[in-house]
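In our numbering, the protein residues as written are 937 to 1029.
A short write-up of the structure that comes next.
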Amino acid sequence: TGDYVFFQQLRMHSYSTRITLMSNEFTVVRNRKHSQSIADYSLHSIREGIVFGKLLQRRVQFLKSVKLLETVILNISQAVNVSKKQLRHGIET
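Rendered as structure tokens:
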């Protein structure tokens, strides 16, 4: 009967060990998935940041182009005004 009790305890111990190992494995897998999801989210955020940065860059380029165009138009209109004045001055003399 002593042996029987010993083997019962041994079996219970092996069950508890197996359960502990399984739960540890589950924890490891869960943590790995959690880490992976954090990594995926970080990567997603970085990608979004890059896309936003590119859009911002395009917007800045566009605004620079508009500013340049405005400057060109202003220069043309000033040149036209100077030409008109010269024409008027030429007609008057």
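Note that beta-carbon positions come from the ideal geometry of N, C-alpha and C, so glycine has one too.
Treat the numbers as computed from the prediction; the structure is a model and nothing was measured.
C-alpha gap between residue i and residue j, whole angstroms
i, j, result
"Val-996", "Ser-959", "54 Å"
"Ile-974", "Thr-956", "27 Å"
"Ser-1019", "Glu-1006", "20 Å"
"Ser-950", "Gly-938", "18 Å"
"Thr-953", "Asp-976", "34 Å"
Any C-beta of chain D under 9 Å from that of residue i
i, result
"Ile-982", "Looking for chain D here will not work: only one protein chain is present."
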